[in-house]
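Numbering (the working numbering), first residue to last: 13 to 203. Where is the CB? At the ideal position from N, CA and C, for every residue including glycine. Remember, predicted model here, so these are calculated numbers, not experimental data.
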Amino acid sequence: MPLPPPSAPRQRLHVRSVVYEGWQREDGMFDIEARLVDTKDHDYELLVGTRPAGEPVHDMWARVTIGRDFVVRELVACTDRMPYPGACDRITDRYPQLVGANLMHGFRKTLFDALGGVRGCSHLTELIAFLPTAALQTFAGLRSEIEPHEDKPFQLDRCHALEHTTETVRRYYPKWYRGPADVNAANKELS
Numbered sequence: 013m014p015l016p017p018p019s020a021p022r023q024r025l026h027v028r029s030v031v032y033e034g035w036q037r038e039d040g041m042f043d044i045e046a047r048l049v050d051t052k053d054h055d056y057e058l059l060v061g062t063r064p065a066g067e068p069v070h071d072m073w074a075r076v077t078i079g080r081d082f083v084v085r086e087l088v089a090c091t092d093r094m095p096y097p098g099a100c101d102r103i104t105d106r107y108p109q110l111v112g113a114n115l116m117h118g119f120r121k122t123l124f125d126a127l128g129g130v131r132g133c134s135h136l137t138e139l140i141a142f143l144p145t146a147a148l149q150t151f152a153g154l155r156s157e158i159e160p161h162e163d164k165p166f167q168l169d170r171c172h173a174l175e176h177t178t179e180t181v182r183r184y185y186p187k188w189y190r191g192p193a194d195v196n197a198a199n200k201e202l203s
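As structure tokens, this is what we get:
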């Protein structure tokens, strides 16, 4: 369902486009590429000059290479368009310090501890922060959801719809369903 119509007439001023693409490589690794582009619908006055309407204010990229274990083997970041050339783009070489981190285990904390605030570029850091979700979606199509799961499926208990006490889990993942009665019994056992 799309958004309802706005309650007042309006004029668009800004567009931020963010795209993530997942790729399987011939060597068995996976690349997740991300791109962030900011444009204005009007000429934009910057201290370094005017950016014409439609020309990117920001155009930034990141690519992470991972295995099926989600461990970062390589991370490359680049900034093609920025408000302050020669300044904004100097930070991209710090991002490879995330090599060795695991996208599924504390990645965002590691990212923000290492490159949050003035230690990194706010736009690149924000773009890279969502690589774990894009990686999950990349892998989701590689394993059938209808295969029997010996281990708890990763997506359970990470979203309100897939919380282990919901009707959705009871219906589609009955092995992992823990209804209200099951939760009460488990709590009594812990007491």
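Item, Value
"Work out the CA separation of H176 and Y189 for me, nearest whole Å.", "5 Å"
"Could you tell me if the beta carbon of H70 falls within a distance shorter than 7 Å of some heavy atom in the ligand COA?", "The ligand COA is not part of this structure, which contains no ligands at all."
"Is the segment 167 to 175 close to the segment 93 to 103, with three or more CB pairs under 8 Å?", "no"
"Excluding five sequence neighbours on each side, which residues of the same chain lie with their C-beta closer than 7 Å to the C-beta of K94?", "The sequence as given places Met at residue 94; Lys does not occur at that position. The residues are H70, C100 and D101."
"For the 8 Å Cβ check, are there 3 or more pairs between the segment 72 to 83 and the segment 41 to 59?", "yes"
"If distances are taken between C-alpha atoms only, which option among A113, F82 and A20 comes closest to A152?", "F82"
"Label L123 either buried or exposed according to how many other C-beta atoms from any shown protein chain fall within 10 Å of its C-beta, with 16 as the threshold for buried.", "buried"
"Considering only the beta carbon of each residue, do P21 and D50 sit closer than 8 Å?", "no"
"Identify the continuous beta strand (DSSP E) that holds K52 and give its terminal residues.", "F42 to K52"
"What do you get for P144, buried or exposed, if any count of 16 or more other CB atoms within 10 angstroms of its CB means buried?", "buried"
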